[in-house]
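Here the structure is laid out as structure tokens; the discussion comes afterwards.
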Amino acid sequence: MSTVTSAVRLPQKGSALVFLQRYGVYLAIALLLLFNLFFTPNFMTIDNFRVQFIQVVPVLIVALGMALVIGTEGIDLSVGAVMALSAAVIPLYIGYGPLPAAILAVLAGCLIGLANGTMIALIGVQPIVATLSLMVAGRGIALLVADEQLKSVIDPGFLALGRGTIAGVPYSVLLALVLVGLVAVLVNRTTFGKQLVSIGGSRRAAELAGLPVKRVLITIYILAAALASIAGIIQTARLSASVPSTVGNLIELSAITAVVIGGTPLSGGQVKVLGTVAGALLLQLIAASLIKHNVPDAYSQITQAVIILLAVYLQRGKAVLK
Amino acid sequence: MTDQLSTAAPAPVLEARGVGKTFTGVAALQGVDFTLRAGESLALMGENGAGKSTLIKVLTGVYQPDEGQMFLHGEPASFAKPVDAQHAGISTIYQEVNLVPLMTVAQNIFLGREPRNRFGLIDFRKMQEDARALLATYDIHVDVRRPLRSLALGMQQMVALARAVSIDARVVIMDEPTSSLEAREVETLFRVIGMLRSQGIAIVYVSHRMDEIFAICETVTVLRDGKVVHNGRLADLSRVELVALMLGRSVEKVKRGGVTAFGEVKEGEGEPVLTARDLSRKHQISGIGLDIRPGEVVGLGGLLGSGRSETLKAMAGVMQLDEGSLTVDGKRVRSGSVAAAIKAGVVMLPEDRKAEGIIPNLSIRDNIVLAALPRLSRAGFTSRAKQDAIVDVFMKRLRIKAASPNQVVSELSGGNQQKVMIARWLAMNPKVLLLDEPTRGIDVGAKAEVQALINELADEGLAIVLVSSELEEVVEGSARVVVLRDGSVERELRGSEVTEQHLMAALVGENHSPAEESPAEIKERL
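Protein chains in written order, with the working numbering: chain A, 5 to 326; chain B, 10 to 535.
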């Protein structure tokens with residue numbers, strides 16, 4: 005964190021500022037690890053990292069979708085509700101086996117994404133308003149689906165998603181890695197990815213260039229919902245229970261934070277996939293470090309807020325530099 | 010001319026002396042003198058960027074002048090913010106009514122100064138009675154309890170006007186008040202303006218519609234490039250003279266000629282590639298027909314607000330049409346779909362390059378291939394090799410100056426950005442290229458290059474429609490010119506008729522052909 009303060013002190017050093025904007029999040033991770041190496045016992049161990057990675061997976065997957073949405077100059081507040089809905093659907097269909105249940109859970113989540121996308125792209129509702137309404141309504145629907153009850157899930161195949169490992173690496177972490185790879189390819193190597201950042205860069209210009217703006221926007225919100233649904237499934241598997249009333253609560257805030265400190269500007273036009281991964285990891289490591297030092301959770305939240313402010317300040321600095 | 014006026018005219022209400030305003034080094038207004046007298050209706054004229062809106066904003070306290078002084082009733086005055094100007098009796102009516110749409114008519118009229126009863130609460134009954142009485146003085150009868158938005162736009166404007174006047178306005182500034190009004194509503198507006206003038210209220214009227222200006226304005230101030238180029242009685246000017254003043258044309262400049270880089274132009278031959286019939290959209294264009302042949306540049310002439318940009322937008326699928334048809338190579342093109350227009354081979358270079366053209370955060374490469382991307386991809390995956398091949402061709406051919414194709418497009422000069430835009434469309438192999446102000450805001454060198462390129466593309470068989478507010482660009486760049494006025498085709502100029510004089514006469518809708526006058530007469534008037 006000391007590097008960030010030095011940047012604040014020396015704002016005239018343009019190159020330092022640019023460096024921090026681009027690599028600040030990685031630097032912060034490195035420094036945090038260094039700190040823990042010396043001051044936190046049992047932190048730099050494989051077991052600890054396995055735990056940290058398992059814990060970061062839901063936020064990370066949700067943040068991937070959030071990065072896509074933010075890249076189009078949008079925002080998705082309904083991701084927590086989508087997680088709740090997918091969690092609520094799992095116990096209803098787990099009798100058909102884990103895969104059919106998971107597919108149905110993702111499809112249910114995608115419906116919320118479709119509703120978001122339709123309102124935003126076709127009707128022209130502001131993303132924050134549209135997704136706020138589904139943040140509220142979505143969780144309500146999830147509770148209706150679940151009959152407002154916590155249900156335990158005991159299908160061993162399904163629970164393996166939460167607990168199983170390959171060569172010591174948890175399934176959920178592997179799945180997250182695959183999703184990171186897919187999203188990175190989508191953003192950097194496909195027509196769709198270019199169209200996405202073009203819309204975020206200038207929606208009007210994208211429309212006048214004949215891009216299928218509405219279709220891309222709807223698809224983006226569906227993708228964000230699909231990713232959130234997967235996060236909901238993983239969370240359910242980890243808890244061995246579907247808890248639609250609390251799963252994914254406030255996760256939209258963590259996801260947005262991860263995206264922003266990862267270097268994706270809220271004004272759209274860019275998607276930093278690797279940065280988003282690093283952002284999610286940084287949040288997780290900060291929380292873990294504070295816990296290991298018995299700092300109350302409240303401080304962890306305050307720290308998050310400070311980091312958001314610093315990240316946004318750095319982005320603003322970028323605009324000034326231009 | 011102004012001196013003659015002042016002897017007979019009443020005292021000035023609002024004056025500006027030597028007013029200047031500079032934005033980041035660019036002078037928007039320079040040494041502007043402006044006088045408005047009680048009961049006067051003054052037309053404020055000028056083309057895009059002449060400084061009209063800046064002057065209005067200075068007069069209404071939105072901007073503070075960097076130099077010069079304003080006088081209100083002969084006393085020095087300055088307005089730190091819009092409210093100050095309003096308190097001083099200066100009201101503005103915009104084309105967009107800026108009142109509260111959900112509140113009632115009465116509430117809007119008395120917003121911020123509601124009558125109170127003895128408990129300090131709003132006295133609704135008195136408010137409604139007063140509102141009704143106020144509107145009745147202008148012969149406007151409307152239920153004042155209705156929410157403002159339920160009224161027709163013209164009526165909303167009347168309410169805004171009544172509100173302005175009831176706040177004891179001495180000056181009412183109207184910025185394009187009629188742009189979305191029906192003919193009948195315009196009549197009502199003019200009637201109200203007449204009443205206001207008889208009460209000694211001064212009107213500043215801004216409009217692109219010549220008919221309106223000449224119908225209701227008494228005097229005129231013409232701005233060009235931030236300076237006042239003319240002050241005087243409107244009756245002393247012909248329409249052509251007024252337009253000449255706005256555009257800064259002089260006989261000498263016209264005679265010199267050859268100021269653009271266009272080479273020889275010729276009319277296209279054979280069947281038209283694009284046929285537009287009866288293109289119409291309420292308040293914007295009506296019944297526009299065009300035929301464009303391969304290999305020709307057709308100029309679309311017209312003043313601001315004549316419908317020239319709207320016509321291009323209609324053909325490019327950017328604007329939904331109420332009526333009319335567009336066919337390309339005999340095939341009907343669906344209206345209101347950019348994708349359909351592009352597929353048919355009709356592409357448009359938008360007027361506002363920064364907001365509607367480039368994607369600022371993307372590289373030159375990404376900007377060039379943006380529209381062609383699906384064609385340069387396999388199964389949705391982009392192919393860098395295919396992109397580079399096409400980007401390389403166009404960067405060389407259009408001489409785009411940049412460090413590399415990876416450079417972010419917003420770092421380029423305006424001229425190079427424009428070339429990137431042209432490259433984006435050429436990569437689509439279009440049949441018809443619609444150019445809206447292709448050389449606006451780019452430096453002289455790039456301008457010549459773009460003009461030469463337009464020539465070259467036409468020679469290669471592309472059909473081009475050119476819109477430009479620079480007369481010489483239209484005249485020298487086009488084989489023929491279709492002149493629009495008030496949203497319809499006024500005239501078509503061909504061959505030897507394609508001259509600045511003919512074009513100017515057509516722009517203002519003067520029926521007689523200047524050719525019937527002796528050249529000396531024309532020079533006289535310009």
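C-beta: ideal position from N, C-alpha, C; glycine also.
Here the structure is a predicted model, which means the values were calculated and not measured.
Check: For the segment 430 to 446 of chain B, enumerate the residues whose C-beta is nearer than 8 Å to any C-beta of chain A, in chain order.; Outcome: Arg433
Check: With a CB to CB cut of under 7 Å and the five nearest residues on each side skipped, what residues in its chain are close to Lys262 of chain B?; Outcome: Confidence is the limiting factor: at Lys262 of chain B the pLDDT is only 49, short of 50, which leaves the residue's position unreliable and the question unanswerable from this model.
Check: Quick check: is the beta carbon of Thr391 of chain B nearer than 8 Å to any beta carbon in chain A?; Outcome: yes
Check: Spatial neighbours of Ser315 of chain B within its chain, please: CB distance less than 6 Å, with the 5 preceding and 5 following residues excluded, ordered by chain position.; Outcome: Leu493, Arg494
Check: I need the straight-line Cα distance from Ile74 of chain A to Glu332 of chain B, nearest angstrom please.; Outcome: 39 Å
Check: Listed in chain order, which residues of the segment 176 to 204 of chain A have Cβ atoms closer than 7 Å to some Cβ of chain B?; Outcome: Arg193, Thr194, Thr195, Phe196, Lys198, Val201, Ser202
Check: Is there a Cβ of chain A sitting closer than 8 Å to that of Asn126 of chain B, yes or no?; Outcome: no
Check: Among all the DSSP beta bridges, which residues are the ones paired with His239 of chain B?; Outcome: B:Val231
Check: Measure the Cβ-Cβ separation of Ile79 of chain A and Pro131 of chain A and say whether it is below 8 Å.; Outcome: yes
Check: Which bits of chain B does Gln274 of chain A rub up against, with CB to CB less than 8 Å?; Outcome: Asn370
Check: Tell me which residues of the segment 373 to 389 of chain B have at least one Cβ-Cβ distance to chain A shorter than 7 Å, keeping chain order.; Outcome: Asp375, Leu379, Ala380, Leu382, Pro383, Ser386, Gly389
Check: What does the Cβ neighbour count give for Ile4 of chain B, buried or exposed, with the cut at 16 atoms within 10 Å?; Outcome: No information on residue 4 of chain B is available, as it lies outside the stretch 10 to 535 that chain B covers here.
Check: Counting only beta-carbon atoms, is Glu479 of chain B nearer than 8 Å to chain A?; Outcome: no
Check: Between the C-alpha atoms of His292 of chain B and Ala229 of chain A, what's the straight-line distance to the nearest angstrom?; Outcome: 42 Å
Check: Quick one: grab the DSSP three-state call for Ala67 of chain A.; Outcome: helix
Check: Are there three or more Cβ pairs, one per stretch, closer than 8 Å when the segment 140 to 147 of chain B is compared with the segment 110 to 118 of chain B?; Outcome: yes
Check: Measuring alpha carbon to alpha carbon, tell me which of A:Ile127, A:Glu256, A:Leu108 ends up nearest Arg219 of chain A.; Outcome: A:Ile127
Check: Quick one: Cα of Asp132 of chain B to Cα of Lys90 of chain B, how far?; Outcome: 30 Å
Check: Assuming Val281 of chain A contacts Leu31 of chain A under a Cβ cut-off of 8 Å, what Cβ separation, rounded to an integer in Å, is found between them?; Outcome: About 15 Å separates the two Cβ atoms, so there is no contact after all.
Check: Closest to Leu543 of chain B by CA distance: which of A:Ser202, A:Glu256, A:Phe43, A:Glu211 is it?; Outcome: Nothing can be reported for residue 543 of chain B: it is not among the residues displayed for chain B, which extend from 10 to 535.
Check: For Val140 of chain A, count the other beta carbons within 10 Å of its own beta carbon; 16 or more makes it buried, fewer makes it exposed. Which is it?; Outcome: exposed
Check: For Arg387 of chain B, which three-state DSSP category applies?; Outcome: strand
Check: So, using beta-carbon positions, are Trp225 of chain B and Ile202 of chain B closer together than 8 Å?; Outcome: At residue 225 of chain B the sequence reads Ile, which differs from the Trp that was named. Contact: yes.
Check: Residues in its own chain within less than 7 Å of Ile351 of chain B by CB, not counting five upstream and five downstream?; Outcome: Ala380, Met437
Check: Identify the contact partners of Glu211 of chain A in chain B, using a Cβ-Cβ distance below 7 Å as the criterion.; Outcome: Val347
Check: With Arg341 of chain B and Ser334 of chain B assumed to form a contact (beta carbons below 8 Å), what rounded beta-carbon distance in angstroms separates them?; Outcome: 6 Å
Check: Given Ala315 of chain A, which residues of its chain have a CB within under 7 Å of its CB, disregarding the five upstream and five downstream residues?; Outcome: Val264, Ile265
Check: Can you tell me which of the three DSSP states Gly267 of chain B falls into?; Outcome: Only weak support exists for where Gly267 of chain B lies, its pLDDT of 49 falling under 50; the value from the coordinates is given anyway. If DSSP states are grouped into helix, strand and coil, Gly267 of chain B belongs with coil.
Check: Less than 8 Å between the C-beta atoms of Ser90 of chain A and Gly236 of chain A, yes or no?; Outcome: yes
Check: Find the residues of chain A that neighbour Glu365 of chain B, judging by a C-beta separation of less than 9 Å, and give them in chain order.; Outcome: Ser206, Arg208, Ala209, Glu211, Leu212
Check: In terms of residue numbering, what span does the alpha helix (DSSP H) encompassing Glu185 of chain B cover?; Outcome: From DSSP, Glu185 of chain B is part of no alpha helix (DSSP H); its letter is neither H nor E.
Check: Is the number of C-beta pairs between the segment 357 to 376 of chain B and the segment 420 to 429 of chain B that are closer than 8 Å three or more?; Outcome: yes
Check: Anything in chain B within Cβ reach of Pro216 of chain A, meaning under 8 Å, just list it in chain order.; Outcome: Ala348
Check: For Ala97 of chain B versus Thr63 of chain B, is the C-beta spacing smaller than 8 Å?; Outcome: no
Check: On the DSSP bridge assignment, give the partners of Met357 of chain B in chain order.; Outcome: B:Leu443
Check: Quick one, are the C-beta atoms of Asp445 of chain B and Leu358 of chain B less than 8 Å apart?; Outcome: yes
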